[in-house]
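What follows is one structure encoded as structure tokens, with my remarks underneath.
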Amino acid sequence: MEKMIVLYIFFNAVALLRGESPPDFSVSLCEVVPPPSSASVGIIDAKIWQGQEERGVEDGPREIRRLGIIDKIEDLGHEVNDYGAVDAGDESFGKEQQAKYRQYYEFTERLKSMVEKSVEENNFTVVLGGDHSLVYGAVSGSQPKGLIYVDAHSDINTPMTSCSDNIHGMPVAFLIKELAEYIPYHGQRVPPCLNANQVAYIALRDVDPLERTILDEFNIRTYDMSAVDRLGIDAVVAEILELLGDTDLHLSFDLDSLEPSITPCVGTPVLGGLTLREGIRIFELFKDKIIALDINEFNPRLAEKSGDCERTGLTGIRLVEALLGLERRGPLTSQELPKP
Numbered sequence: 017m018e019k020m021i022v023l024y025i026f027f028n029a030v031a032l033l034r035g036e037s038p039p040d041f042s043v044s045l046c047e048v049v050p051p052p053s054s055a056s057v058g059i060i061d062a063k064i065w066q067g068q069e070e071r072g073v074e075d076g077p078r079e080i081r082r083l084g085i086i087d088k089i090e091d092l093g094h095e096v097n098d099y100g101a102v103d104a105g106d107e108s109f110g111k112e113q114q115a116k117y118r119q120y121y122e123f124t125e126r127l128k129s130m131v132e133k134s135v136e137e138n139n140f141t142v143v144l145g146g147d148h149s150l151v152y153g154a155v156s157g158s159q160p161k162g163l164i165y166v167d168a169h170s171d172i173n174t175p176m177t178s179c180s181d182n183i184h185g186m187p188v189a190f191l192i193k194e195l196a197e198y199i200p201y202h203g204q205r206v207p208p209c210l211n212a213n214q215v216a217y218i219a220l221r222d223v224d225p226l227e228r229t230i231l232d233e234f235n236i237r238t239y240d241m242s243a244v245d246r247l248g249i250d251a252v253v254a255e256i257l258e259l260l261g262d263t264d265l266h267l268s269f270d271l272d273s274l275e276p277s278i279t280p281c282v283g284t285p286v287l288g289g290l291t292l293r294e295g296i297r298i299f300e301l302f303k304d305k306i307i308a309l310d311i312n313e314f315n316p317r318l319a320e321k322s323g324d325c326e327r328t329g330l331t332g333i334r335l336v337e338a339l340l341g342l343e344r345r346g347p348l349t350s351q352e353l354p355k356p
């Protein structure tokens with residue numbers, strides 16, 4: 017809008033200096049042509065921090081909204097439907113196992129229902145996290161044909177293999193049918209919805225030993241950072257699409273998959289991650305193939321210096337824009353080039 021005002025003042029001033037009539041701005045010089053595939057986009061906040069121990073990650077959705085994600089999506093010509101928040105509350109789930117998982121399953125069920133509603137009513141759904149334990153409910157709700165999991169960590173520990181006992185390191189195990197027998201029941205849980213061959217990882221570089229055992233034993237497709245370096249991100253995505261198909265996929269993106277200098281406000285940063293260009297490219301390549309996306313692990317309270325919070329949040333927004341059609345060469349406009 018500021019650019020539009022500056023252009024308006026500039027061209028009016030030029031016209032007045034020349035003794036001419038001001039140009040007709042009944043249609044904005046900056047009017048952008050909506051993409052041919054304008055969509056309805058549902059947005060849901062998944063306010064959960066209890067999957068790990070650091071408070072503040074539940075504030076990630078609020079900060080991304082403050083930084084303008086809804087306006088950015090609408091600027092691309094899409095309609096946004098806001099479904100509000102699914103909130104896990106302020107209290108820790110505690111250490112007692114049965115109570116802990118009962119509360120987690122209850123949150124998962126509520127998020128699942130909200131995502132189901134959004135997927136039914138929209139072309140595309142965005143879930144804003146929140147820690148990565150949200151993916152259990154998000155994917156259970158979207159019911160995709162495949163899951164692309166972009167993360168420095170595989171998050172496929174079971175409650176029996178986890179050293180930390182943090183649930184955000186386990187949600188993929190809850191989603192995979194072949195691992196159901198390794199998950200303690202602890203009350204009514206949402207049933208797993210994916211086979212092991214419906215999951216593919218990108219950007220792994222911090223995997224626990226027993227997680228590696230699970231990945232190998234169940235032949236789950238993984239592209240760690242060495243594979244990304246060797247093959248290039250375009251080839252990685254092409255192989256994943258060949259494995260999972262090219263429709264009705266769910267993309268789960270942990271901001272710690274990127275190099276920590278790009279997204280400093282994450283709880284478990286790991287050096288040697290994706291560049292921003294590689295991250296954007298992933299989203300561009302999956303455009304029109306995704307029915308739901310979750311962006312997670314943004315913790316505004318971890319900002320150590322001015323600009324850290326904005327850099328992390330705006331990076332998440334930029335990735336969403338790439339998935340929804342923003343072209344790096346610039347937007348199309350309906351206006352002809354003005355002449356003096």
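As numbered in our numbering, residues 17 to 356 make up the sequence shown, in order. We put the beta carbon where it would ideally sit given N, CA and C, even for glycine. Predicted model, so just to flag it, every value in this text is computed and none were measured.
Query, Result
"In the DSSP assignment, find the unbroken beta strand (DSSP E) run with residue 330 in it and report its ends.", "Residue 330 -> not in any beta strand (DSSP E); alpha helix (DSSP H) instead, spanning 324-339."
"Classify residue 38 as buried or exposed, calling it buried when 16 or more other Cβ atoms lie within 10 Å of its own Cβ.", "Only weak support is given to the placement of residue 38: the predicted model assigns it a pLDDT of 47, under 50, and the value that follows is read from those uncertain coordinates. Flag for residue 38 reads exposed."
"Alpha carbon to alpha carbon, what distance is there between residue 205 and residue 156?", "11 Å"
"With which residues is residue 56 paired in a DSSP beta bridge?", "95"
"Beta-carbon separation of residue 308 and residue 212 under 8 Å?", "no"
"Based on Cα-Cα distance, which residue from 94, 123 and 113 lies nearest to residue 106?", "123"
"Helix, strand or coil, according to DSSP, for residue 317 in the structure here?", "helix"
"Roughly how far, in whole angstroms, is the beta-carbon of residue 67 from the beta-carbon of residue 148, given that I think they are within contact range, below 8 Å?", "7 Å"
"What residues in its chain sit with their C-beta under 7 Å from that of residue 92, if we drop five residues either side in the sequence?", "51, 337, 340, 341 and 342"
"Taking residue 334 as the reference, which of 87, 58, 179 and 70 has the closest Cα?", "87"
"Report the rounded CA-to-CA distance for residue 184 versus residue 355, giving the unit in angstroms.", "57 Å"
"Check each candidate in 264, 332, 277 and 316 and name the one with the smallest Cα separation from residue 305.", "264"
"Taking the alpha carbon of residue 80 as the reference point, which residue from 235, 94 and 146 has its own alpha carbon closest?", "146"
"In terms of alpha-carbon separation, which member of 85, 150 and 168 lies closest to residue 282?", "168"
"Pop quiz: residue 162 and residue 315 are said to be a contact at Cβ under 8 Å. What is the actual Cβ separation, rounded to whole angstroms?", "With a Cβ gap of about 28 Å, residue 162 and residue 315 do not count as contacting."
"What residue from 242, 207, 256 and 287 has the CA that sits closest to residue 271's CA?", "287"
"May I have the straight-line CA-CA distance separating residue 319 from residue 301, to the nearest angstrom?", "31 Å"
"Whole-angstrom Cβ separation of residue 267 and residue 164, contact assumed at under 8 Å?", "5 Å"
"I'd like the list of long-range same chain contacts for residue 62, defined as Cβ closer than 8 Å, with 5 residues on each side in sequence excluded.", "77, 101, 102, 127, 143, 144, 145, 146, 150, 153, 154, 310 and 312"
"Sort 218, 234 and 225 by Cα distance to residue 244 and report the nearest one.", "218"
"Three-state secondary structure (DSSP) at residue 251?", "helix"
"According to DSSP, which residues form a beta bridge with residue 239?", "218"
"Out of curiosity, what's the CA-to-CA distance linking residue 207 and residue 59?", "24 Å"
"Mind reading off the beta-carbon distance from residue 135 to residue 96? Whole number of angstroms is fine, and I expect it under 8 Å.", "No, residue 135 and residue 96 are not in contact; Cβ-Cβ is about 15 Å, not under 8 Å."
"Between the alpha carbons of residue 241 and residue 351, how many angstroms are there, rounded?", "44 Å"
"For chain C, find out if any of its Cβ atoms is closer than 8 Å to the Cβ of residue 303; answer yes or no.", "Absent here is chain C; the protein component of the structure consists of one chain."
"Determine the direct distance from the alpha carbon of residue 284 to that of residue 374, and round the result to whole angstroms.", "Outside the displayed range of the chain (17 to 356) lies residue 374, so it cannot be described from this structure."
"Tell me whether residue 348 is buried or exposed, calling it buried when 16 or more other Cβ atoms sit within 10 Å of its Cβ.", "exposed"
"Please name the residue in 229, 273 and 54 whose C-alpha comes closest to that of residue 89.", "54"
"Roughly how many whole angstroms lie between the Cα atoms of residue 234 and residue 353?", "58 Å"
"Please go through the same chain and pick out, in chain order, the residues whose beta-carbon is closer than 6 Å to the beta-carbon of residue 139, but skip the five residues on each side of it.", "55 and 56"
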